[in-house]
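**Q** Handing you this structure, nothing more for now.
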Amino acid sequence: MIRARKNKILKSMLVLGSSIMGAIGISSIVFHSRAKSDIEEKTSLGERVVEPILSDHINIIIKPQFNSLSDVNVILDEIETTVEFHYGEEIIGQRLKFKTKKNQELKYNIAKDIPEGYMLVPELYPKGSDIVLNPGELNIIQIQPIKQAQKTTFRFIDIANNQEVGTPVILDLEDFNQFNLMTYLPEGYQLPKNHEAPELVLGKVNDILVDKIHKEYTTWILYKLHDNAQTLIHKQKVITIDDQKIHPSLYIPQGYEFEAQSIQPQPIEELEHKNEYTFFIKKTQVKHTTTFIFKYQGQQIGDLQKIITYGEVGISLEQIKKLKPKAYEISSSYDANSIKFDQTNIVPLDKIREKDLTRFIFKTVDNQIIKNILFEEFKDVTLTIEQFLPQDYKLAPENTKRDISRGKTDNTNTYLVELINKPPKPEPIPEKPKPEPEPVPTPEKPVEPKPVPPAPKNNTSNKLSKEEINKIIQAGGSTIDARAQRYDKPSTMPVVEGAKLSGEILTAQKQKLTNMRALVAKISSPNYTFNAEDLRKVYSNLSDAELGRLVKYLNGATLKELGTVSAFPMADLTTEQQKESLKNQLNAMLEDADKYLAEGKILVFGNSFVDLNPRWGFPSDDYNPAFVRNKELNLKRGLANSGNNAKWGRNGSQLGNGDYYGWKKKSLWKDPKYKTKTNPEWSFGSDNRTFIGGSGITTMEYTATDDNDAGKKQGKQLITFMDASNPQAVQDIIEYLKQRPEISGLFIKNIGTKNPEQDISEILRDIPSSINKLTLIFDTEKMAGISYLKNKHFAQVELGTSINNVDDNLGDMSNRPFIYGWGIDPIIFQHTDFVAHDWTATKGFDNYQSSQVQYGPIQFNIIRPSADSSFEEVKKAFDIVLETHKDWRIFNGEHGDQGWPIKIDLSETKLKSLKDINLYKHKFRVLKLPSSGTTFTLDISDLGASQYSAILADWGPNEKPKILFGNDRTTKIHFKGNASDFSGKWAKELQGFLTGVVNNTNIRTIVVDNDDVLQILKGSPAWDSRFQIRTALEEERGGGFDFD
1 MIRARKNKIL KSMLVLGSSI MGAIGISSIV FHSRAKSDIE EKTSLGERVV EPILSDHINI
61 IIKPQFNSLS DVNVILDEIE TTVEFHYGEE IIGQRLKFKT KKNQELKYNI AKDIPEGYML
121 VPELYPKGSD IVLNPGELNI IQIQPIKQAQ KTTFRFIDIA NNQEVGTPVI LDLEDFNQFN
181 LMTYLPEGYQ LPKNHEAPEL VLGKVNDILV DKIHKEYTTW ILYKLHDNAQ TLIHKQKVIT
241 IDDQKIHPSL YIPQGYEFEA QSIQPQPIEE LEHKNEYTFF IKKTQVKHTT TFIFKYQGQQ
301 IGDLQKIITY GEVGISLEQI KKLKPKAYEI SSSYDANSIK FDQTNIVPLD KIREKDLTRF
361 IFKTVDNQII KNILFEEFKD VTLTIEQFLP QDYKLAPENT KRDISRGKTD NTNTYLVELI
421 NKPPKPEPIP EKPKPEPEPV PTPEKPVEPK PVPPAPKNNT SNKLSKEEIN KIIQAGGSTI
481 DARAQRYDKP STMPVVEGAK LSGEILTAQK QKLTNMRALV AKISSPNYTF NAEDLRKVYS
541 NLSDAELGRL VKYLNGATLK ELGTVSAFPM ADLTTEQQKE SLKNQLNAML EDADKYLAEG
601 KILVFGNSFV DLNPRWGFPS DDYNPAFVRN KELNLKRGLA NSGNNAKWGR NGSQLGNGDY
661 YGWKKKSLWK DPKYKTKTNP EWSFGSDNRT FIGGSGITTM EYTATDDNDA GKKQGKQLIT
721 FMDASNPQAV QDIIEYLKQR PEISGLFIKN IGTKNPEQDI SEILRDIPSS INKLTLIFDT
781 EKMAGISYLK NKHFAQVELG TSINNVDDNL GDMSNRPFIY GWGIDPIIFQ HTDFVAHDWT
841 ATKGFDNYQS SQVQYGPIQF NIIRPSADSS FEEVKKAFDI VLETHKDWRI FNGEHGDQGW
901 PIKIDLSETK LKSLKDINLY KHKFRVLKLP SSGTTFTLDI SDLGASQYSA ILADWGPNEK
961 PKILFGNDRT TKIHFKGNAS DFSGKWAKEL QGFLTGVVNN TNIRTIVVDN DDVLQILKGS
1021 PAWDSRFQIR TALEEERGGG FDFD
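What follows is the structure, given as structure tokens:
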């Protein structure tokens, strides 16, 4: 321990000694250096040894402030040079400035001055960082970011279920310039359509949305009755995607159910796709219990009543009348069509106005009966004797009865009458002088002549002989066979000359037909097995993989075995069935091959192994009449389109929103020139219907797209939108348009949406002439005010709706009251260049229960002349719809291209027939005539030219021609005139009239003026024994007329 302590002391002494020696050395060095410096400072210049040398490159410069009076400076020859670093147009970092000699080239290594993270653009500076600067100028040095490869990951997410598909891709990328994302997508997937391109980020995980590539299949389901004819009720086209399955019950027509499974061609279950399936159905007999409460002035009268019905059987007004309380009648305002099945219905009542029957007898004082009538009238109606007096008679002074005993049908109400103008009494015979003395006999009192009553007003005695009556009947001509009456309107589709197939195309088609015949021959061999070599010659468009699957499929493999799941069971076919099916399909195409080739058609094949059916198609859209017509129509629009999508018509959404192919629109509501007092406020209802709140008015600017040359020629278009359900818009729209004459279009929506009685007459009447494009969206069938368009000039008009756009019911449904239906007066378009009409059903089979609003053009199946139309305008209206613009789709009715409106409504006019109207051989199933009372009167002189026979045609087993009347009180027909008034071939017109009327169950009584007319009508071959016919006198005795 002592030794260790000694060692420690020794080490300490050595360290201390070393420190002292070091300090002494440093002090000595500092001292000597300072001493040397002081000596040099004190040594004079003259004592130094200097060898002067003259240099040409050194300038002695003295700053001016240090000059003496005799000094002259050398001028400083230098300038300032500036350097900026640019990345494209952007300045990066700070400027560099150098002082350099004027006109001296300056080489400079710029490496140390380049901003961090950047480098020189290699292409511009091949010698690297040694660059030459221009003295005295701004030198711009182009740089770029230093690229570094970064690990970037791509994951693929299925947009349908948000699940990752495929394997993530990890790449080292400097940028995306040469990167093609499409090459890395998982097999069977694609980028979603109508989505923006994904935004990619270097060095990050990028989630890419992808969509599975789907295959589309078309299948038809036929629903038939299980009768001898297997009557087709409905044919449904079903499009399925990939392995989607669908149940046939989803498309069964409403009101029907399936027949028993035992008679079905296949099970009623989920199906896989196939060309066609058939199911047998029958009408559903659903039990409906419907309740009725009868109320008078808001108070319930009597007990609840119920009516039980089955299936689609309706409830008639007559059925309800049988349940009503006594002493009441159902109010005339009650609409039996509003009955809600399986619910409680309120039926309004009126007190019954009871009638009584009273006999009136009028006779002379000598008991000659002049008039004897029975008269029925409501008890609350006051009767007077004067209203029943025979013509030319008055009450005689001898008459003692002045009152009326109502309800008496005996001789209680007997009155004495006399002629108003009595014949004068004869002058008395003067007495002869009495001879004297002979007695003179007393002269007899002259007898007053009896008054002779005039003949009855309506003479029921025959004036014509039987031969004369037969002659009139024969002159009236014969009836016609309605079943043989048809008028086929020619198609208005454009006639497109077929393609002239020649050269390689024709050779290839003929070779394809040869290959098909060879394949059919091979298939016919009992031991034939399908192989790729044979099939490739026919299905050359299939890939090798698809062709391989086709071989397996035709040789008996199921779809499931081939990795395909379909909605329909095509895999049920055996190999032999596949052979027979394919042979039949190919033979069907070969049968008329020469004809189709001559027409310019070519064979078109599918691109999938399950799409085996070839079909004859067009070599290009230029030969497809439907596309050609659409292109022609799109050029006629107020917003024309000749762009890439000109072959398509507009859909319902475009109609409802005012969108057009080939045009872009933007709102101008912020533009001060088009602002309104309050801003428009767009909102959506629960059914997705759009409303414009606030001012209810906004203007849109339409600009043609780059590919739409026709639209470019029209230039920009301004169209104002207004909401007719907004009172502020209705009030302000005309003034708004007048103040802005550059606006050329008006779009009015929601007409009648909140009030079915809405009348926009004032708007349509006052539309300024600057408006040449008009779109009206009606949500009511009462299109009040539309007749004002007949004096307006438009380049284009559109009429649309969001309610049922095919309703054409004029009240011609059995036991149903009047329904208005969509009707058009064609005269409103007499100054319109074009009416746009792109068909879309607002309530189709696929969306009839949808609560979401759907827009579509109105289908007009009724020609309805307006009340204010003159007869010349009515005739012109028929010319417009049936001839001048028969190619306009708005006039095609329910049958499309070759159709026309098959119903005529004259009830708003005073026209009682179609006399003098050119119908161009067309037939019409329903004709509605004007009436106001219980009796419709027709002049016999007009019967021969009436054209009632236009309703006689082959309408099929379920449709009947009908003649209806404007007033539902009309129950009688009055043929006014005499036998001499019959003219022309009136028999077929009478046939048409009686056929139409008899199908209107309310009318069975015909009245004529005399017995001659009665005999002529009953003897006519057109007579229908279901009618009762009587003379006017007989009718008067039974209660009288209530004429139009």
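With full-length UniProt numbering, letter number 720 in the sequence shown gets 720, and the count goes up by one each step, no holes.
Here a beta-carbon is modelled for each residue, glycine too, at the ideal position from N, C-alpha and C.
Taking DSSP as the reference, what is the three-state secondary structure of V381?
**A** Looking at V381 - three-state DSSP - the assignment turns out to be coil, as it is neither helix nor strand.
**Q** Which same chain residues end up closer than 8 Å to P456 when comparing Cβ atoms and leaving out the 5 residues on each side of it in sequence?
**A** Note that P456 scores 41 on pLDDT, short of 50, meaning its location in the model is unreliable and no value can be drawn from it.
**Q** Between V551, I719 and E894, which lies nearest to V806 when the distance is taken from Cα to Cα?
**A** Answer by Cα proximity: E894.
**Q** State the CB to CB distance for the pair I748 and L718, rounded to an integer number of angstroms; the pair is presumed to be in contact (CB under 8 Å).
**A** Between L718 and I748 the Cβ distance is about 16 Å, and since that is not below 8 Å, they are no contact.
**Q** Do you know offhand how far N1010's Cα is from Y256's?
**A** Roughly 53 Å between the two C-alpha positions.
**Q** Which value, in whole angstroms, describes the spacing of the CA atoms of L464 and D954?
**A** Each residue's Cα considered, the two are about 38 Å apart.
**Q** Evaluate the contact criterion for the stretch 714 to 728 versus the stretch 744 to 759: three or more CB pairs, one atom per stretch, below 8 Å.
**A** The stretch 714 to 728 is in contact with the stretch 744 to 759.
**Q** If distances are taken between C-alpha atoms only, which option among W682, T698, N587 and N726 comes closest to P672?
**A** That would be T698, whose Cα lies nearest to the Cα of P672.
**Q** Select from T278, L225, T231 and D227 the residue whose C-alpha is nearest the C-alpha of H247.
**A** Nearest of T278, L225, T231 and D227 to H247, Cα basis: T278.
**Q** Can you tell me whether DSSP reads W1023 as helix, strand or coil?
**A** Looking at W1023 - three-state DSSP - the assignment turns out to be coil, as it is neither helix nor strand.
**Q** Helix, strand or coil, according to DSSP, for L1033 in the structure here?
**A** Reduced to three states, the DSSP call for L1033 is helix.
**Q** Flag this pair as yes or no: are the beta carbons of S761 and I827 separated by less than 9 Å?
**A** Against a cut-off of 9 Å, the Cβ pair of I827 and S761 comes out as no contact.
**Q** Do you know whose CA, among F294, Q578, H214 and Y415, lies nearest E187's CA?
**A** With distances taken between Cα atoms, E187 lies closest to H214.
**Q** Figure out for me which residue from T1031, K326, K287 and Y296 has the closest Cα to the Cα of I307.
**A** It is K287 whose Cα lies nearest to the Cα of I307.
**Q** Taking the continuous alpha helix (DSSP H) assigned at R549, which residues delimit it?
**A** R549 -> alpha helix (DSSP H) spans D544 to L554.
**Q** Per DSSP, which one or two residues make a beta bridge with K224?
**A** DSSP, once it has assigned bridges, lists L232 and F280 as partnering K224.
**Q** D350 to E377, Cα distance in whole Å?
**A** Cα-Cα distance, rounded: 18 Å.
**Q** For the stretch 609 to 687, list the beta strand (DSSP E) runs that are entirely contained and at least 3 residues long, ordered along the chain.
**A** Counting whole runs of 3 or more residues, the stretch 609 to 687 contains the beta strand (DSSP E) stretches 615 to 617, 663 to 667 and 681 to 684.
**Q** Under three-state DSSP, which class holds A327?
**A** Correct three-state label for A327: coil.
**Q** When burial is assigned at 16 or more other CB atoms within 10 Å of the CB, is I53 buried or exposed?
**A** Per-residue confidence for I53 stands at a pLDDT of 48, beneath the threshold of 50, marking its modelled position as unreliable; the derived number appears in the next sentence. With fewer than 16 Cβ atoms within 10 Å of its Cβ, I53 is classed as exposed.
**Q** Have a look at N634 and G696 and give me their C-alpha separation to the nearest angstrom.
**A** Going by the C-alpha atoms only, they are around 30 Å apart.
**Q** Where DSSP assigns a beta bridge to E78, which residues make up the other side?
**A** DSSP, once it has assigned bridges, lists K101 as partnering E78.
**Q** Can you say whether L138 is buried or exposed, counting buried as having 16 or more other CB atoms within 10 angstroms of its CB?
**A** Counting Cβ neighbours within 10 Å, L138 comes out exposed, since fewer than 16 surround it.
**Q** Where does E632 land, buried or exposed, given buried means 16+ other C-beta within 10 angstroms?
**A** Exposed is the call here.
**Q** Considering only residues of the stretch 864 to 914, which uninterrupted beta strand (DSSP E) runs meet the minimum length of 3 residues and lie entirely inside it, listed in chain order?
**A** Complete beta strand (DSSP E) runs here, min 3: 903 to 905.
**Q** Kindly list the residues whose CB is nearer than 6 Å to the CB of Y217, restricted to its own chain and excluding five residues on each side of it in sequence; keep chain order.
**A** Same-chain partners within the cutoff: T240 and H273.
**Q** Should the stretch 508 to 528 be regarded as contacting the stretch 582 to 593, the criterion being three or more beta carbon pairs within less than 8 Å?
**A** The stretch 508 to 528 is in contact with the stretch 582 to 593.
**Q** On the three-pair Cβ rule with 8 Å, is the stretch 865 to 880 touching the stretch 929 to 937?
**A** No: the two stretches stay apart, fewer than three of their Cβ pairs being nearer than 8 Å.
**Q** Roughly how many angstroms separate the alpha carbons of L1017 and S949, rounded to a whole number?
**A** Near 16 Å, if we compare the C-alpha coordinates of S949 and L1017.
**Q** Could you work out which residue in N180, Y296, E318 and L383 is closest to I352 when comparing CA atoms only?
**A** Comparing Cα positions, the closest option is Y296.
**Q** If contact is defined by three or more beta carbon pairs under 8 Å, each pair taking one atom from either stretch, is the stretch 475 to 487 in contact with the stretch 912 to 929?
**A** They touch, by the three-pair rule.
**Q** Can you name the residues that DSSP bridges to V496?
**A** Partner(s): none; V496 has no beta bridge.
**Q** Are the beta-carbon atoms of L882 and F891 separated by less than 9 Å?
**A** Cβ distance < 9 Å, so L882 and F891 count as in contact.
**Q** Does M493 pass the burial test, meaning 16 or more other C-beta atoms within 10 Å, or should it be called exposed?
**A** With fewer than 16 Cβ atoms within 10 Å of its Cβ, M493 is classed as exposed.
**Q** For A598, which residues does DSSP report across the bridge?
**A** In DSSP, A598 forms no bridge with anything.
**Q** So the candidates are G88, K107, V83 and Q758; which of them puts its Cα closest to the Cα of K97?
**A** The candidate whose alpha carbon is nearest that of K97 is V83.
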